[in-house]
């Protein structure tokens, strides 16, 4: 199979700006596959040499921080219940469960929510609406964005290094692997949340709501 078009795409000057825009947009619209693109670019870099990994990671991380920061500012300005989408569906359920936990477990929520799309929106909105200080929120968001970008790029790069002679196959393999790992993270968080919420559980106390990253 001719992979010349992939090599050309990898060298495009528009690729990294498009990555940044997509990651920013994914902070609001979970249908945008930002993780998929980051993983694919990791695989593409490992197989073709472009774009460079040292470029993909900071661009993806910057997009994550900017997008999450904008979501934080929306929460700070309009609150958690002005718009219907904030009160219904998976986002509404996640917001309701996270509302009271965002001050007590800010670091845990910001880091883990980065890997769970609906929870990502809910946590950032709740952090803004709850007036979590920006000097506390921003470093956590930056660290979470860097970790998220490095993690997804690493998955693509590892698969790409194994399938170095087949860029398209490397992308086709690395994306499902990343999705499967993402589902595993989501399920693990849900199980931990359910365990915490059970009466008599060691972590949860009567009247102490769980973090609720993943709605039931």
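Numbering (full-length UniProt numbering), first residue to last: 1 to 216. Backbone N, C-alpha and C define an ideal beta-carbon position, used for all residues, glycine too.
Asked                                                                                                                                                                              : Found
When DSSP labels each residue in this structure, what does residue 128 get in the three-state scheme?                                                                              : helix
Return helix, strand or coil for residue 165, following the three-state DSSP convention.                                                                                           : coil
Taking contact to mean at least 3 C-beta pairs separated by less than 8 Å, is the stretch 131 to 143 in contact with the stretch 15 to 27?                                         : no
Given this structure, state the Cα-to-Cα distance separating residue 218 from residue 142, to the nearest angstrom.                                                                : A question about residue 218 goes unanswered here, because the residues of the chain that appear run from 1 up to 216.
Check residue 268 in the structure and name its three-state DSSP category.                                                                                                         : Lying before the first or after the last residue shown, residue 268 is absent from the chain, which here runs from 1 to 216.
Please report the Cβ distance between residue 174 and residue 155, rounded to the nearest whole angstrom; I am assuming they are in contact, meaning their Cβ atoms lie under 8 Å. : 6 Å
Note down, in chain order, each residue of its chain lying with its Cβ closer than 6 Å to the Cβ of residue 32, except the 5 sequence neighbours on either side.                   : 22, 25 and 26
Helix or strand or just coil, what does DSSP make of residue 111?                                                                                                                  : helix
Apart from the five residues on each side of it in sequence, which residues of its chain come closer than 8 Å, Cβ to Cβ, to residue 205?                                           : The predicted position of residue 205 is uncertain, since its pLDDT is 38 and thus under 50; a value taken from the coordinates is nonetheless stated next. Correct list: empty, nothing qualifies.
Spatial neighbours of residue 243 within its chain, please: C-beta separation below 7 Å, excluding the five flanking residues on both sides.                                       : The chain is shown from 1 up to 216; residue 243 falls before or after that span and cannot be answered.
Sorted by chain position, which residues of the same chain lie with C-beta nearer than 6 Å to residue 48's C-beta, five sequence neighbours on each side aside?                    : 7, 10 and 167
What's the C-alpha gap between residue 109 and residue 148?                                                                                                                        : 14 Å
According to DSSP, simplified to helix, strand and coil, what is residue 70?                                                                                                       : helix
Among the residues of its own chain, which have a CB less than 6 Å from the CB of residue 66, if the five just before and after it don't count?                                    : 24
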